[in-house]
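The next block holds one structure in the form of structure tokens; read it before the comments.
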Amino acid sequence: MQFLTTILMSVLLWWPGSGVAQRDWEPLPPPFCGELSEADCQLLIDSQELMRTVSSFQMSISMQTGVRGVPSIADEDLTFDMHANAILHTDPELSEKMRQLILAAGVEDDSEALADSYEKMVEILLQFYETAAMDLQMQMALPQALLDTIEQEGEVPLLDQFAIEMRLLDGYMYINMDRLAEGSPELRAQLERERLNGWIGFDLVSQMRSDLLRSPANTDESLRLGMGLGRLISDEAIRRLLDPYVIVERLDDRQHDGEQVAVFRTSLDFARLASRPDFSRLLRLLVDYAGELSGEAVNEQEVGMALLAFQMFANLLARSSQFEMLQAIGIDTPYLYQQTLSIRLDLSGLLAVLALAGEELPAELRGAKPIFTLKIDYGYSDFDTAPPVEKPAGAKIIPLDSLDQETINLIS
186 MQFLTTILMS
196 VLLWWPGSGV
206 AQRDWEPLPP
216 PFCGELSEAD
226 CQLLIDSQEL
236 MRTVSSFQMS
246 ISMQTGVRGV
256 PSIADEDLTF
266 DMHANAILHT
276 DPELSEKMRQ
286 LILAAGVEDD
296 SEALADSYEK
306 MVEILLQFYE
316 TAAMDLQMQM
326 ALPQALLDTI
336 EQEGEVPLLD
346 QFAIEMRLLD
356 GYMYINMDRL
366 AEGSPELRAQ
376 LERERLNGWI
386 GFDLVSQMRS
396 DLLRSPANTD
406 ESLRLGMGLG
416 RLISDEAIRR
426 LLDPYVIVER
436 LDDRQHDGEQ
446 VAVFRTSLDF
456 ARLASRPDFS
466 RLLRLLVDYA
476 GELSGEAVNE
486 QEVGMALLAF
496 QMFANLLARS
506 SQFEMLQAIG
516 IDTPYLYQQT
526 LSIRLDLSGL
536 LAVLALAGEE
546 LPAELRGAKP
556 IFTLKIDYGY
566 SDFDTAPPVE
576 KPAGAKIIPL
586 DSLDQETINL
596 IS
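Per our numbering, the very first residue in the sequence shown carries number 186; after that it's consecutive.
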């Protein structure tokens, strides 16, 4: 269950309802505004502040990522699809307290102070999931190339498509095992042997408490990662370095479910960034952060070589890369209604350099011109008016301490 705990800890980094209605907290880092007018920039700021106060909403996510341009493999065999719909209820004040602790812990050098911050963060995290409510329905389609690799390595066969239906309420996680097993007689038989059918529930918060308090602060990688990302997003030096290369434009306004929305496009001029000294400074800051997170001494010679190599690879990737975000924000009430993240990377230059360096490439990649793409569409609605989440009828509560490790792994 440690894996599930790590995932749930990471959720706080992207959870939209992440603040408080009162304005007695530290302000969030300002959004990048580029050359927007003062009024347009203020709309982005107002939206960011308003979204901090949201305590319930409905959300949809559609994600597709993959690689195309490998002649011997069909594009669809290298594509991962995920679609999800969710109802979410949170206590925004707990989210904000967690963020403030993450930022404060980042400046702690004393191990005793760090341990104290860790214990406080654990308690707030547990309170967050004890009071949060979620109803999630998700469908995923795995790439055939991945399924073939897993089968060749003798791992447990996976379905190419499967669905997950789960709810979180009062600190308990509920999973619809029948929905999970649809389309797989083998999985259904295995679940029935373990009497894991219909809706099952388990005490998630108690399990998280056990997992988190068993991990000392200086070795808990998931927490250190969360702290590092939180600080990274807010670091003024990094934001100053990136600011000249972030382009923000206001596109044509449009209608969204009867609301007039302003559409903003934010993109990164990675090609220009990678060719400037600012990129080396940015990499150095990131290396310093990584060193702080790992707690290990930095070998300057190794760092220098790694930075040089990364700079070269970045220049190759930057020539035809794309990093773009679209946002649709209400004009009358600046809720964030839609957000789209798009990334495109041409990997052919990287493969060419590896081949020239004498690296043995897999047969499928010889002569290939692979392009990696990622697109994630988010939709938000019913702000502070989302339907309630209810306990599934007939759900069976399963004490995790009564199960063997194999069954726990199956549930996880």
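Note that CB positions come from ideal geometry on N, CA and C, so glycine has one too. All figures in this text were calculated on a predicted structure; none of them were measured in a lab.
- The segment 270 to 286 makes contact with the segment 565 to 581: 3 or more CB pairs, one atom from each, lie closer than 8 angstroms.
- Looking only at 220, 431, 459, the smallest Cα-Cα distance to residue 510 is reached by 431.
- Just so you know, the alpha carbons of residue 333 and residue 261 end up roughly 13 angstroms apart.
- Going by C-alpha positions, residue 548 is about 11 angstroms away from residue 256.
- According to DSSP, residue pairing for residue 523 in a beta bridge involves 513, 564.
- The segment 557 to 566 makes no contact with the segment 362 to 370: fewer than 3 CB pairs, one atom from each, lie closer than 8 angstroms.
- By alpha-carbon distance to residue 388, the top candidate from 382, 380, 378, 360 is 360.
- In this structure, residue 345 places its C-beta atom within 9 angstroms of the C-beta atom of residue 329.
- Taking C-beta separations shorter than 7 angstroms and ignoring five residues to either side along the sequence, the partners of residue 318 in its chain run 274, 353, 354, 574, following chain order.
- Contact fails between the segment 577 to 584 and the segment 247 to 254, because fewer than three Cβ pairs, one in each stretch, are under 8 angstroms apart.
- Here residue 282 has 309 as same chain residues with Cβ atoms under 7 angstroms from its own Cβ, once five neighbours each way along the sequence are excluded.
- Taking the Cα positions, residue 221 is about 25 angstroms away from residue 460.
- Pairwise C-beta distances place the segment 451 to 466 in contact with the segment 498 to 505, as three or more of them are shorter than 8 angstroms.
- The Cβ atoms of residue 447 and residue 472 do not sit closer than 9 angstroms to each other.
- A buried status is given to residue 513, since no fewer than 16 other beta-carbon atoms sit within 10 Å of its beta-carbon.
- In this structure, the beta-carbon distance from residue 303 to residue 390 does not fall below 9 angstroms.
- C-alpha of residue 434 to C-alpha of residue 515: approximately 16 angstroms in a straight line.
- The closest CA to that of residue 386, considering only 564, 392, 357, is found on 357.
- At a Cβ-Cβ threshold of 9 angstroms, residue 265 and residue 326 count as neighbours.
- In the DSSP assignment, residue 234 falls outside any beta strand (DSSP E) and lies within the alpha helix (DSSP H) extending over 223 to 237.
- Considering only 505, 429, 305, the residue with the shortest C-alpha distance to residue 219 is 429.
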